[in-house]
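Accompanying notes for the structure given below.
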Amino acid sequence: MGSPCNFRSILAQILLGSHHCNQEISEQPMQKLEQLYATLIEQIGEDPTREGLVRTPHRAAKALGFLTQGYQQNLDDIVNGAVFTSDTDEMVVVKNIELYSMCEHHLLPFVGKCHVAYLPTGKVLGLSKVARIVDLYARRLQIQEQLTKEIAQAMQEVTGASGVGVIIEAKHLCMMMRGVEKQNSVMSTSCMLGSFRDQQATRHEFLSLVRSNTEL
């Protein structure tokens, strides 16, 4: 079985070894990660060879690869040229983007919604790409504050917008399942760039649209 001290280097091989969106994790690093999961199961007092756990290291390794696949992707590949010329200069808002990420402190999930807005200056981004940008950065080891900032900066880079606003509201299992064990706590973070930071009216419009309870 693999030594726990090798976990970080092996995980780096798996998660950082490729910058292509769909490339599979190579067999050797996957096997090493499976060995580490088997060691982990053994160290907590379980038997990794019993029927219910014998395939768990393999499944857990695959799951971790999926949950952190953002390390294998990059912004250019995600956008894939879906930036279009447009004369619109009104605010574009995409609300309630489902978000799943992993807390970098405890390797436990946090789950919530992301709201993204920008003010175009001659270019608009394909709608689905907004959600894909959220996933690109969410599927990494994160803290919510940094995730919010990275999404906003990516939107600014891709669109060249005069302003970008991002809000994330999420529940953290590291706070719900352990520690203070507060199941109803919600963390809210925001990042405002350009006119969203400088102009109160722009920021207020975005916040009002996010707070509206429009259902389709």
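Each residue of the sequence shown is one higher than the last, beginning at 4 in the numbering used here. Cβ coordinates follow ideal geometry from the N, Cα and C atoms, glycine included.
- Using a 10 angstroms sphere on the CB of residue 110, the tally of other CB atoms stays under 16, which defines it as exposed.
- When DSSP states are grouped into helix, strand and coil, residue 37 belongs to the helix group.
- Judged by DSSP in its simplified three-state form, residue 47 adopts coil rather than helix or strand.
- Taking a C-beta distance under 8 Å as the contact criterion, residue 193 and residue 169 qualify as a contact pair.
- A direct Cα-to-Cα measurement between residue 100 and residue 141 gives close to 11 Å.
- Residue 129 sits away from residue 167, with the two beta carbons spaced by 8 Å or more.
- In this model, residue 83 and residue 76 are separated by some 12 Å (Cα to Cα).
- Here residue 175 is buried: its Cβ has 16 or more other Cβ atoms, across all protein chains shown, within 10 Å.
- Exclusion of the five residues before and after residue 144 leaves 71, 105 and 107 as the residues of its chain whose Cβ lies within less than 7 Å of its Cβ.
- Boundaries of the alpha helix (DSSP H) around residue 160: 147-162.
- DSSP lists 105 as the beta-bridge partner residues of residue 112.
- Around the Cβ of residue 153, a 10 Å sphere holds 16 or more other Cβ atoms; the residue is buried.
- The alpha-carbon separation between residue 94 and residue 212 amounts to approximately 10 Å.
- Restricted to the segment 162-212, the alpha helix (DSSP H) segments that are unbroken, complete and at least 4 residues in length are 176-179 and 198-201, listed in chain order.
- Taking the CA atoms as reference points, residue 126 sits about 49 Å from residue 43.
- With 16 or more other Cβ atoms inside 10 Å of its own Cβ, residue 138 counts as buried.
- Residue 171 is positioned such that its CB atom lies closer than 8 Å to that of residue 151.
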